[in-house]
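Here is the structure we will look at.
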Amino acid sequence: MQRPPRNPKSNILSNQGIRRIFIVSGIITLSVFAMFEWNQQKAGSTLEESMTVAVNTIVMIEIVYLLNCRSLTESLVRIGFFSNKYILLGIIVMISLQIVYTYLPEMNLLFKSAPISFEAWIMIIAISIVSFLIIEIEKWVSRKKFLSKI
Numbered sequence: 018m019q020r021p022p023r024n025p026k027s028n029i030l031s032n033q034g035i036r037r038i039f040i041v042s043g044i045i046t047l048s049v050f051a052m053f054e055w056n057q058q059k060a061g062s063t064l065e066e067s068m069t070v071a072v073n074t075i076v077m078i079e080i081v082y083l084l085n086c087r088s089l090t091e092s093l094v095r096i097g098f099f100s101n102k103y104i105l106l107g108i109i110v111m112i113s114l115q116i117v118y119t120y121l122p123e124m125n126l127l128f129k130s131a132p133i134s135f136e137a138w139i140m141i142i143a144i145s146i147v148s149f150l151i152i153e154i155e156k157w158v159s160r161k162k163f164l165s166k167i
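Laid out in structure tokens, this is it:
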């Protein structure tokens, strides 16, 4: 509400918006394929475990992207991580549902998923943090370019 409205004659998606879509789509695609393959290469892993790792990777990257999207230009550090309690509640609910999806036997049967290792969770969290940082860096670069034009 602090920014002026966009020009009604301008495109709905800016060049920055299109670039962000490609960056985030690329991050998610590469991360999910990499995590699936990483888990498949582990001795004794099953297809169900690898699919569960892939689904959890998608969800965790989407969670960190939700935090990135709190502002199109400002860093989460500047906005404040705890400034929106509803987002935090949503994240807690989403992570809880992912744990249920991953470890509850009934859900494993329903979704053809399987419990995953602690090591897999560490890898999922690590790749999600890297995704978050890449998007924050892109926002920083965009902000610097914009400020240099002023």
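Residue numbering for the sequence shown follows this note's numbering, beginning at 18 and increasing consecutively. Think of the CB as a built atom: it goes at the ideal place given N, C-alpha and C, for glycine as much as any other residue. Here the structure is a predicted model, which is why all the values come from computation and not from measurement.
Comparing alpha-carbon positions, which option in the options lies nearest residue i?
{"i": "Ile152", "options": "Pro122, Ile78 and Ile141", "result": "Ile78"}
{"i": "Arg37", "options": "Ala51, Pro21, Tyr82 and Lys26", "result": "Tyr82"}
{"i": "Val76", "options": "Arg23, Ile108 and Phe99", "result": "Ile108"}
{"i": "Ser100", "options": "Leu84, Thr90 and Lys129", "result": "Leu84"}
{"i": "Arg20", "options": "Leu89, Val117 and Leu106", "result": "Leu89"}
{"i": "Lys129", "options": "Leu64, Ser159, Ser42 and Pro25", "result": "Leu64"}
{"i": "Phe50", "options": "Pro25, Met68 and Glu123", "result": "Met68"}
{"i": "Ile154", "options": "Ile29, Ser31, Val94 and Lys59", "result": "Val94"}
{"i": "Ala137", "options": "Gly61, Leu106, Met52 and Ala60", "result": "Met52"}
Assuming residue i contacts residue j under a Cβ cut-off of 8 Å, what Cβ separation, rounded to an integer in Å, is found between them?
{"i": "Thr74", "j": "Ile141", "result": "5 Å"}
{"i": "Ile44", "j": "Ser148", "result": "5 Å"}
{"i": "Gln33", "j": "Ser159", "result": "6 Å"}
Is residue i near residue j, with beta carbons less than 8 Å apart?
{"i": "Ala131", "j": "Glu66", "result": "yes"}
{"i": "Ile133", "j": "Val70", "result": "yes"}
{"i": "Ile146", "j": "Met111", "result": "no"}
{"i": "Ser92", "j": "Lys156", "result": "yes"}
Within the same chain, show all residues whose beta-carbon is closer than 7 Å to that of residue i, passing over the 5 residues directly before and after it, in chain order.
{"i": "Gln115", "result": "Asn73 and Val76"}
{"i": "Val41", "result": "Tyr82 and Ile152"}
{"i": "Ser48", "result": "Thr74, Ile78, Ile144 and Ser148"}
CA-CA distance, residue i and residue j?
{"i": "Gln57", "j": "Val117", "result": "22 Å"}
{"i": "Ile139", "j": "Thr119", "result": "15 Å"}
{"i": "Phe98", "j": "Pro25", "result": "32 Å"}
{"i": "Phe39", "j": "Asn28", "result": "17 Å"}
{"i": "Glu123", "j": "Leu150", "result": "36 Å"}
{"i": "Leu106", "j": "Leu121", "result": "22 Å"}
{"i": "Leu30", "j": "Asn125", "result": "39 Å"}
{"i": "Phe135", "j": "Ile104", "result": "26 Å"}
Might you give, ordered along the chain, the residues of its own chain that have their beta carbon closer than 6 Å to the beta carbon of residue i, omitting 5 neighbours on each side?
{"i": "Arg87", "result": "Ile96"}
{"i": "Ser62", "result": "Asn56"}
What do you reckon, is the C-beta of residue i under 7 Å from a heavy atom of the ligand SAM?
{"i": "Lys161", "result": "This structure lacks the ligand SAM, and indeed carries no ligand of any kind."}
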